[in-house]
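Residue numbers (the UniProt record's numbering): 1 to 513.
Read the structure below first, then the notes.
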């Protein structure tokens with residue numbers, strides 16, 4: 001009830017006027033006046049308010065904020081009297097999810113929608129779902145440090161960071177278990193902007209210079225370093241309760257250094273942000289370390305930078321189990337497509353084989369002998385080694401049944417080493433044999449044949465040609481990666497791997513050494 005009104009316009013009951021500011025109407029808009037009673041519940045007040053606004057839109061995310069008490073009125077079944085709301089209360093009707101700018105541990109920035117009405121712990125968990133980070137209890141939000149007046153003019157144009165916009169992604173999109181192979185959240189795959197953002201989150205930032213480190217915020221005094229702990233937000237309170245407004249900048253950092261269940265496949269972003277937070281803590285001298293520890297961490301950074309220059313997290317490797325399943329299905333499809341049983345029998349009878357001269361090495365105890373050139377034959381799932389081609393009809397020097405064995409590639413493109421390591425179990429123990437090929441083509445043929453033989457299939461399988469092409473493509477990719485990593489290693493600034501104090505103390509030759 002909105003109150004009983006007489007003919008003169010006076011109210012004779014206990015109703016009173018409640019003024020509510022609607023944020024969507026603008027800051028200069030007049031508040032909307034409602035006639036309410038103390039027994040009216042919050043949900044009824046919001047319904048009456050929406051009807052009086054008269055704008056058709058989705059108001060489901062809106063809530064009431066009590067400014068004097070710094071409290072969200074989230075219990076819609078509570079009456080105004082139960083909350084203690086009177087006519088002098090300043091209520092604001094506003095969205096609960098608003099965009100903020102988050103500075104990540106890798107010195108990147110994103111614009112993302114967070115919940116201002118839930119606790120900081122809940123808002124952090126929603127952000128971690130979008131970013132694909134498991135165990136959000138390890139992270140929390142910090143308030144950004146206040147810029148000093150002297151540094152505002154100096155650093156106004158010095159650091160211009162690219163801000164990735166994720167405001168269109170809702171936290172409910174990335175639910176638990178909704179992940180692609182490799183742990184990539186599905187909402188990052190749909191658009192080029194999402195893919196670029198995921199690369200920035202999951203790949204280490206390369207190409208840094210000492211000038212880039214100097215531009216970052218650095219706690220110079222002991223007082224500034226201790227003030228970092230005072231900037232952590234209270235996990236049990238909402239962002240609005242702690243003075244955070246729409247568009248403010250917050251830091252997302254690992255707060256508790258107890259990490260659970262680290263999985264390289266599912267925690268790509270999480271592991272990268274862990275490394276980046278440790279990296280910048282050392283470079284900005286927030287964490288004290290010795291010269292030996294600094295050089296060891298610099299070596300780790302160098303290795304990670306080389307790998308980051310050639311890695312693309314969006315190129316997801318295929319699961320080997322699924323690859324075997326695809327091959328088995330294609331093999332079954334070819335067999336079923338045979339028009340008559342006779343044609344299928346002809347395909348089985350014409351069993352192809354490989355026979356070439358290869359260098360063979362069988363390691364034994366107390367031996368110094370190297371590779372010997374033998375005539376090697378791969379037929380079915382067996383490998384036979386003979387002294388030469390003329391003795392191929394006699395007893396082989398080595399006979400290996402490859403079904404169920406382990407086939408390990410040992411390839412070095414730079415030194416033109418193309419070896420196949422065969423580990424064949426036997427009653428006497430593990431038989432270990434190395435086959436060395438002369439070139440890439442020969443290696444691809446024998447590697448594909450040995451892999452199929454290990455699975456119990458022969459070279460007549462329909463997947464043999466595809467396996468050869470995959471191996472050749474992988475070797476070509478290794479060549480390009482080796483060239484790219486070499487150029488990337490040359491472009492790494494060695495002085496950017498240590499903190500400014502050691503940049504002055506150490507020479508470039510010492511860092512390279």
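For glycine and all other residues, C-beta sits at the position ideal for the given N, C-alpha and C.
Taking a cut-off of 8 Å for Cβ pairs, the region 443 to 460 and the region 402 to 416 touch, as three or more such pairs fall below it. For the pair of segments examined, the region 264 to 271 was found not to touch the region 92 to 102: the number of CB pairs separated by less than 8 Å stays below three. Pairing residue 189 with residue 110 gives a Cβ-Cβ distance that is not under 8 Å. Per DSSP, reduced to three states, the secondary structure at residue 440 is helical. The beta carbon of residue 471 sits closer than 7 Å to the beta carbons of 444, 447, 448 from its chain, once the five residues preceding and following it are set aside; these are given in chain order. If you ignore the 5 residues before and after residue 430, its C-beta comes within less than 8 Å of the C-beta of 423, 424, all in its own chain and listed in chain order.
Between residue 239 and residue 102, the gap from beta carbon to beta carbon reaches 8 Å or more. The DSSP-derived three-state label of residue 92 is strand.
Excluding residues up to 5 positions away in sequence, 282, 297 lie with their Cβ nearer than 8 Å to the Cβ of residue 289 in the same chain. In the DSSP assignment, residue 187 falls outside any beta strand (DSSP E) and carries neither an H nor an E. The count of Cβ pairs closer than 8 Å, one atom from the region 47 to 63 and one from the region 73 to 93, reaches three, so the stretches are in contact. According to the DSSP assignment, residue 266 belongs to no beta strand (DSSP E), since it is labelled neither H nor E. According to the DSSP assignment, residue 63 belongs to the beta strand (DSSP E) that extends over 62 to 66.
Check the Cα spacing between residue 301 and each of 355, 414, 206: the tightest is with 206. Within the same chain, Cβ atoms closer than 8 Å to the Cβ of residue 119 are found at 235, 236, 237, 238, the five residues on either side in sequence being excluded.
Counting only residues of its own chain and dropping the five nearest sequence neighbours on each side, residue 385 has a CB closer than 7 Å to the CB of 360, 374, 376, 396, 397, 398. The shortest CA-to-CA distance from residue 256 to any of 193, 264, 299, 135 is the one to 135. Residue 99: member of the beta strand (DSSP E) spanning 97 to 103, first to last residue. In the DSSP annotation of this structure, the continuous segment of the beta strand (DSSP E) that includes residue 377 starts and ends at 372 to 379. If you look at residue 17, you'll find it in the beta strand (DSSP E) that goes 16 to 22. In this model, residue 112 and residue 167 are separated by some 5 Å (Cα to Cα). Take the alpha-carbon of residue 254 and the one of residue 353: they are about 57 Å apart. Burial check for residue 276: the Cβ neighbour count within 10 Å reaches 16 or more, so the residue is buried. According to the DSSP assignment, residue 202 belongs to no beta strand (DSSP E) but to the alpha helix (DSSP H) extending over 192 to 202. The region 19 to 32 makes contact with the region 49 to 56; the number of CB pairs closer than 8 Å reaches 3 or more. Taking a C-beta distance under 8 Å as the contact criterion, residue 36 and residue 47 do not qualify as a contact pair. The DSSP-derived three-state label of residue 431 is strand. Contact between residue 106 and residue 273 holds, since their C-beta atoms are separated by about 6 Å, short of 8 Å.
Around the beta-carbon of residue 461, 16 or more other beta-carbon atoms lie within 10 Å, marking it buried. With respect to residue 104, residue 124 sits apart: the two C-beta atoms are not nearer than 8 Å.
Taken through DSSP and simplified to helix, strand or coil, residue 425 comes out as strand.
Sequence-distant partners of residue 466 (beyond 5 residues in either direction) whose C-beta falls short of 6 Å from its own C-beta are missing from its chain.
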